[in-house]
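If you're matching positions, the sequence shown starts at 906 in my numbering and goes up one per residue. Don't be surprised by glycine CBs; every beta carbon is placed ideally from N, CA and C. Given the structure is predicted, the values throughout are model-derived calculations rather than measurements. Each remark here refers to the structure printed beneath this line.
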Amino acid sequence: MSHRIRQTRAKRVTTTVAALGVAALGLTACGPAVGATDADAAAEVDWASIEPAESISFWTNHPGGSQEIEQQLVDGFTEETGIAVEIVTAGANYEEVSQRFQTAQTSGDVGDLVVMSDATWFTNHVNGSLLALDDAFAAAGGDTSTYNETLFDDYLYEDAHYAVPYARSTTIYYYNADHYAEAGLTEAPTTWEEVREHSLALVDAGVTDTAFSFPPAEDYPAWMMNNLVWGYGGGWSDEWDASAVTSDGTVEAVQFAQDAVQDGWANVSSGSPADDFAAGATSQFIGSTGSLGGVTETAGFEVGVAFLPGGPVEQELVVPTGGAGVAISAASTPEEQLAAAMLADHLTSAENTVAFSSQTGYMPVRSDADASALYAENPNFEVAVEQLESRTRTQDYLRVFLPGGDLALATALQRILTTDADVEESLAALQAELEGLYENDLRPQLEG
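Okay, structure coming up:
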């Protein structure tokens, strides 16, 4: 079936608001404060006169267990170009890579090409650590027009891109097809009201005790639940404005989730909803597309996947993007930056993005990639790619750009879903906390 629906462009910070937000965020991260940097000089480089460096370094955490495929892709790059690449395991996760990258700014011993997640690239950009890569990429012969537009524009700020998509994912709806058949359900839910109806049917049929699982605080509930909140017309923020947290849509959506747990058809997983699902302990959950391969391999039943459900306000643009891209260090020489751009283009080419996806479960990031081999191996992957092309939306700023924002959201959601806490009061406290992180901790540093 066709789910081709209009694709949204990512919302961008307005210049007036960004002037405050960017500088404030930059001062909270490790590394140099915002100011004139090598990144500012990027436009002055005559890229036509630059020859690529003979050797560069690539800092990565090997997302999705990608160490072997990364080495293969880098070896192919070296064979093709003659440029030697040192692969550096710069951390166990995105946060550790970012921390090491910022700490290294003072020594100058930084990676030339660096993995940056949706929640780490912006702070590194405002600290002046990342190159505005559009011109360097063009000089390297790279074609950015074939990137998935939403994924590429996740790194767009004031008319420049600061990374290209690499290990990218979205969330998707997983369901136990065997449970569905036993309960007489023939199709996945398309709305959150249908999620409730399906879940009650599963429980009433005695197929399962828990029909749906929400993620715990440590498993990024604000990312997983962005879909629900957007469907009801709410959000975690409107750019830097935290009042969206207490909007009618957000309150209604979070109340729906709390009621689901209290009514007994849903729970909050004590560990990973993906693990619970694969073990047959729950019938449905929302998880990363990056889990497709692992869940399919582990589960002893037929795994079904579907587009994320819509809500009463928004049906289409309800899928948050996630994962990581690769960025170029502003501290590297132009020669190293050009070579890094060449490597970024190689890692994410139409052919190589499919190879990377086949080994990790991440999405192909090029619109001209032939993923037919992936679909033949795992038909569910085609559903994930179709959803990526038609339903994605960039995440709310205060989750991915505000230091401490995601933790505040996760803690509040855990408390709301596991207790009888008043939803409106809890979200009002959350709004105040988010505003405090910005106004009390960040703004004084900017003005001081």
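Take the alpha-carbon of residue 1010 and the one of residue 1025: they are about 15 angstroms apart. Short of 7 angstroms from the beta carbon of residue 1290, and not among the five residues preceding or following it, lie these beta carbons of its own chain, in chain order: 1268, 1269 and 1276.
In terms of CA proximity to residue 1208, 1196 leads the group 1218, 1196, 1215 and 1214.
Three or more Cβ pairs closer than 8 angstroms define a contact, and the region 1230 to 1243 falls short of that threshold against the region 1318 to 1328. Taking all protein chains in view, the Cβ of residue 1311 is crowded by 16 or more other Cβ atoms within 10 Å, so the residue is classified as buried. DSSP lists 963 as the bridge partner or partners of residue 992. Cα atoms of residue 1066 and residue 1037: separation of roughly 6 angstroms, rounded to the nearest angstrom.
The region 1205 to 1222 makes no contact with the region 950 to 961: fewer than 3 CB pairs, one atom from each, lie closer than 8 angstroms.
In the three-state reduction of the DSSP assignment, residue 1201 falls in the helix class, which pools H, G and I. For the pair residue 1056 and residue 1070, the CB atoms are nearer than the 8 angstroms cut-off. Within the model, the alpha-carbon separation for residue 1201 versus residue 1330 is close to 40 angstroms.
In this structure, the alpha-carbon of residue 1288 lies about 44 angstroms from that of residue 949. A distance below 8 angstroms separates the beta carbons of residue 1246 and residue 1045. Residue 1022 is classed as buried because its beta carbon has at least 16 other beta carbons within 10 Å across all chains shown. For residue 1153, the closest alpha carbon among the candidates 1143, 1147, 1139 and 1161 is that of 1139.
Three or more beta-carbon pairs separated by less than 8 angstroms link the region 1112 to 1132 to the region 1169 to 1186, which places the two stretches in contact. Counting the other Cβ atoms within 10 Å of the Cβ of residue 1158 gives 16 or more, which makes it buried. Here residue 971 is buried. Its C-beta has 16 or more other C-beta atoms within 10 Å. Residue 1115 is classed as buried because its beta carbon has at least 16 other beta carbons within 10 Å across all chains shown. Residue 1053 sits close to residue 1293, with the two beta carbons spaced by under 8 angstroms. With 16 or more other CB atoms across the displayed protein chains lying within 10 angstroms of its CB, residue 1187 is buried. Within the same chain, Cβ atoms closer than 6 angstroms to the Cβ of residue 1117 are found at 1104, 1171 and 1189, the five residues on either side in sequence being excluded. Under DSSP, residue 1062 forms a beta bridge with 1065. Rounded to whole angstroms, the gap between the alpha carbons of residue 1160 and residue 1328 is 6 angstroms. By alpha-carbon distance to residue 1214, the top candidate from 1203, 1096, 1342 and 996 is 1096. For residue 1193, the uninterrupted beta strand (DSSP E) segment begins and ends at 1189 to 1193. Note: residue 1172 is bridge-paired with 1118 in the DSSP secondary-structure output. Just so you know, the alpha carbons of residue 1165 and residue 1102 end up roughly 11 angstroms apart. Here DSSP, grouped into helix, strand and coil, assigns residue 1146 to strand. Remark: C-beta atoms of residue 1248 and residue 990 approach each other more closely than 8 angstroms.
Judged by their CB atoms, residue 1110 and residue 1087 are nearer to each other than the 8 angstroms cut-off. At a cut-off of 4 residues, the continuous stretches assigned as alpha helix (DSSP H) that sit fully inside the region 1214 to 1294 are 1239 to 1252, 1255 to 1265 and 1277 to 1282.
The C-beta separation of residue 1260 from residue 988 comes to about 19 angstroms, leaving the pair out of contact by the 8 angstroms criterion. With fewer than 16 other Cβ atoms inside 10 Å of its own Cβ, residue 1013 counts as exposed. With respect to the 8 angstroms criterion, residue 1018 and residue 982 are not classified as neighbours on the basis of their beta carbons. Residue environment for residue 980: exposed (fewer than 16 other C-beta atoms within 10 angstroms of its C-beta).
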